[in-house]
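Trainee: The sequence shown begins at 1 in full-length UniProt numbering and counts up by one.
Heads up, the beta-carbon is just placed ideally off N, CA and C, and yes, glycines get one too.
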Amino acid sequence: MASTVAARRVDERLAAYDLTVRQYGLLSQLSLEPELTMAELARQLGIARQSVHQLVDELVEAGHVRRRPGADSRSRRLEITDTARYLLTRIDGPLERVEAELLGDLAPGEADTLRSLLQRVLAHVTDDEAWLPAR
Numbered sequence: 001m002a003s004t005v006a007a008r009r010v011d012e013r014l015a016a017y018d019l020t021v022r023q024y025g026l027l028s029q030l031s032l033e034p035e036l037t038m039a040e041l042a043r044q045l046g047i048a049r050q051s052v053h054q055l056v057d058e059l060v061e062a063g064h065v066r067r068r069p070g071a072d073s074r075s076r077r078l079e080i081t082d083t084a085r086y087l088l089t090r091i092d093g094p095l096e097r098v099e100a101e102l103l104g105d106l107a108p109g110e111a112d113t114l115r116s117l118l119q120r121v122l123a124h125v126t127d128d129e130a131w132l133p134a135r
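(1) Looking at C-alpha atoms only, which residue of Thr83, Ala71, Gln54, Leu36 is the closest neighbour of Gln23?
(2) If you scan the UniProt domain "HTH marR-type" (1–123) from start to end, which runs of the alpha helix (DSSP H) of 4 or more residues do you find wholly inside it?
(3) With distances taken between CB atoms, is the gap from Gln52 to Leu59 smaller than 7 Å?
(4) Assuming Leu30 and Leu78 make a contact with CB atoms under 8 Å, what is their CB distance in whole Å?
(5) Thinking Leu14 and Leu26 are a contact (beta carbons under 8 Å), I'd like their distance in whole angstroms, please.
(6) Looking at Leu102 and Ala6, is the spacing between their C-beta atoms short of 7 Å?
(7) If you count every other CB in all the chains shown that lies within 10 Å of the CB of Val121, and 16 or more means buried, which is it?
(8) Tell me whether Ala16 is buried or exposed, calling it buried when 16 or more other Cβ atoms sit within 10 Å of its Cβ.
(9) Name the residue from Thr81, Glu99, Gly109 whose alpha carbon lies nearest to the alpha carbon of Pro34.
Given below as structure tokens:
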């Protein structure tokens, strides 16, 4: 399956930064939408809240994410640290090379079409479609 091959290659590149694909996705989402709650993040990523809690715990321990008080006493807002922001800038190049390897034989227009189609597919993934393996 293409997604497995792609995830494996990305995981190989991210290992040098002590991150997994799912951790990278969480950090990337938080960099785009700062201060999401765990529930909002789970919805955005299309994974179960329990998985988000585990990922956040790992990233807090690594110094990449901070928990902040939320709107009420039960909720927490999440933010990435400056260390994580720097890490994300260093990862861009290696991930662009993985994408180039995976899309190497496609013409630029075909690659754009594939990206667009994949974004449309991902837009329809819901929490109960837990197709991503737990980490």
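Mentor: Reading from the atomic positions:
(1) Gln54
(2) Taken in chain order, the complete alpha helix (DSSP H) segments of 4 residues or longer contained in the UniProt domain "HTH marR-type" (1–123) are 2–15, 21–32, 38–45, 49–61, 82–102, 108–123.
(3) Correcting the residue type first, residue 52 is Val in the shown sequence and not Gln. No; because the gap between Cβ atoms is not below 7 Å, this pair is not in contact.
(4) 6 Å
(5) The Cβ separation is near 12 Å, so there is no contact.
(6) Contact: yes.
(7) exposed
(8) Exposed is the label assigned to Ala16, since fewer than 16 other Cβ atoms lie within 10 Å of its Cβ.
(9) Thr81
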